[in-house]
Amino acid sequence: MIKCKECGHDVSDKAISCPSCGVKISGNENSFNALHIGASTIMTLAGLIIGASGISTGGWILFFIGLVYFIITRISSSTN
């Protein structure tokens with residue numbers, strides 16, 4: 001637990017923001033963004049492999065969903 005620099009309440013050291021006042025806890029958003037970027041990359045690559053191999057047309061759907069997820073994650077991480 002750490003103290004919020006804004007309101008002084010106890011906050012988990014893994015929290016992205018203070019649950020009391022909402023101020024961002026510096027450093028923790030990077031691991032959250034890395035998780036989403038990693039998940040979207042895996043989804044995109046898996047969809048590309050499945051789609052290109054011809055196993056299922058669902059692979060291409062997974063590829064495009066993963067690609068959109070990746071782009072949205074990158075945009076949101078650069079604006080934060």
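With this note's numbering as the guide, the letters of the sequence shown map in order to residues 1 to 80. Beta carbons are placed, not taken as given, at the ideal position from N, Cα and C, and that holds for glycine. In this text, all values refer to a predicted model and were calculated from it rather than measured experimentally.
(1) Near Ser40, what residues of its chain come up, given a Cβ to Cβ distance below 7 angstroms and the 5 sequence neighbours on each side ignored?
(2) Leu62: buried (16+ other C-beta within 10 angstroms of its C-beta) or exposed?
(3) Spatial neighbours of Gly59 within its chain, please: C-beta separation below 6 angstroms, excluding the five flanking residues on both sides.
(4) Would you check if the distance between the CB atom of Ile2 and the CB atom of Ile16 is smaller than 8 angstroms?
(5) Per DSSP, Ser17 forms a beta bridge with which residues?
(6) When you compare only the Cα positions, how much space is there between Ser12 and Ile55?
So, to answer that:
(1) Closer than 7 angstroms at the Cβ level, and outside the excluded window around Ser40, lie Gly66, Tyr69, Phe70, Thr73.
(2) Counting Cβ neighbours within 10 Å, Leu62 comes out buried, since at least 16 surround it.
(3) These residues qualify, in order along the chain: Gly47, Ile50, Gly51.
(4) If you check the CB distance, Ile2 and Ile16 do not come in under 8 angstroms.
(5) The partner list for Ser17 (beta bridge, DSSP) reads Lys24.
(6) Going from the Cα of Ser12 to the Cα of Ile55 covers about 45 angstroms.
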